[in-house]
Amino acid sequence: ASALTDRGFDLTVEEHTVSAIVGLPDTFDDYLGMLSKKQRHEVRRKRRRYEDVLGEVVHEVHHEPDWAFREFVRLHRLSDGDKGQFMTPAREAFFATLVQLEGWRLDVLRVPGTDRAAASLVSYADDQGIFLYNSSYDPHLAEASPGIAIVGTLIEQAIAEGLPRFDFLKGDETYKFRLGAEPRPLYRITVGAGA
């Protein structure tokens, strides 16, 4: 904003929304220690629930539009409401290209012994952290809490890789803050013609 103003542009700056960011400590136990007692218990409880309902947590990372990608698309289309309508053929093609680009990844929780995913997400990773872009889970497996399970295992991987942050990106959904995120304001700058 300062640079644009210095160049003679008229502009307005307004807070638009927030990004939700978790500063990652050195160990997953330290991360759990950052959470409230209730949320720490909840993360552990949902992991145990996943294991009780579906078995071992099998977390895989893919970079191609293979079976995992097909599962990502299928899970989106199983969702109710707007989420279920989100994965149009054009968006499917976009995500298929995205997961092949450097830094992008498709994480899945494979249901043990099957070629089905309980949950999946697309994110970008670099030395600054992991940036969660989009996710989906099987609503028929909701009792196993696969959405929280996959985010928890991805946070655990990010810590193991020594990354400094986990960024949920734009949005103030409650679950993000329950998982230790802090809000960071995002601003909209509208530029006029100026002098």
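End of the sequence shown = 1632 in my numbering, gap-free, step of one.
A virtual CB, placed ideally from N, CA and C, is assigned to each residue, including glycine.
Looking at C-alpha atoms only, which residue of the options is the closest neighbour of residue i?
i: isoleucine 1592; options: Thr1534, Ser1516, Pro1622 and Met1471; result: Met1471
i: glycine 1584; options: Arg1602, Val1559, Ala1595 and Pro1601; result: Val1559
i: alanine 1555; options: Gln1537, Leu1578, Tyr1570 and Gly1617; result: Leu1578
i: threonine 1449; options: Asp1443, Ala1438 and Val1459; result: Ala1438
i: phenylalanine 1605; options: Pro1620, Val1494, Val1480 and Asp1489; result: Pro1620
i: isoleucine 1596; options: Gly1518, Ile1567, Arg1547 and Glu1529; result: Ile1567
i: glutamate 1598; options: Phe1614, Ala1586, Arg1615 and Gln1565; result: Gln1565
Based on the DSSP secondary-structure assignment, which residues constitute the bridge partners of residue i?
i: threonine 1454; result: Leu1623
i: glutamate 1497; result: Val1545
i: glycine 1566; result: Asp1563
i: arginine 1602; result: Gly1460
i: tyrosine 1634; result: The chain is shown from 1438 up to 1632; residue 1634 falls before or after that span and cannot be answered.
By Cβ distance below 7 Å, which residues in the same chain neighbour residue i in space, the five residues on each side in sequence not counted?
i: serine 1582; result: Lys1483, Arg1486 and Tyr1487
i: glycine 1540; result: Tyr1561, Ala1562 and Asp1563
Taking the beta carbon of residue i as the centre, do at least 16 other beta carbons fall within 10 Å, making it buried, or is it exposed?
i: aspartate 1447; result: exposed
i: tyrosine 1624; result: exposed
i: arginine 1588; result: In the sequence under discussion, the amino acid at residue 1588 is valine, which differs from the arginine named in the question. It counts as buried.
i: alanine 1632; result: Here the model assigns alanine 1632 a pLDDT of 47, short of 50, so the residue's position is not dependable, and the following value carries that caveat. By the 10 Å Cβ count, alanine 1632 comes out exposed.
Short of 6 Å in beta carbon distance, which residues of its chain neighbour residue i, apart from the five on each side in sequence? Order them along the chain.
i: tyrosine 1612; result: none
i: valine 1498; result: Arg1542 and Asp1544
i: threonine 1534; result: none
i: valine 1459; result: Phe1603, Gly1617 and Ala1618
Near residue i, which residues of its chain fall below 8 Å by C-beta distance, leaving aside the five closest residues on each side in sequence?
i: lysine 1607; result: Thr1454, Val1455, Ser1456 and Leu1623
i: lysine 1520; result: His1513 and Ser1573
i: aspartate 1575; result: Leu1512, Leu1515, Arg1553, Ala1554, Ala1555, Ala1556 and Pro1583
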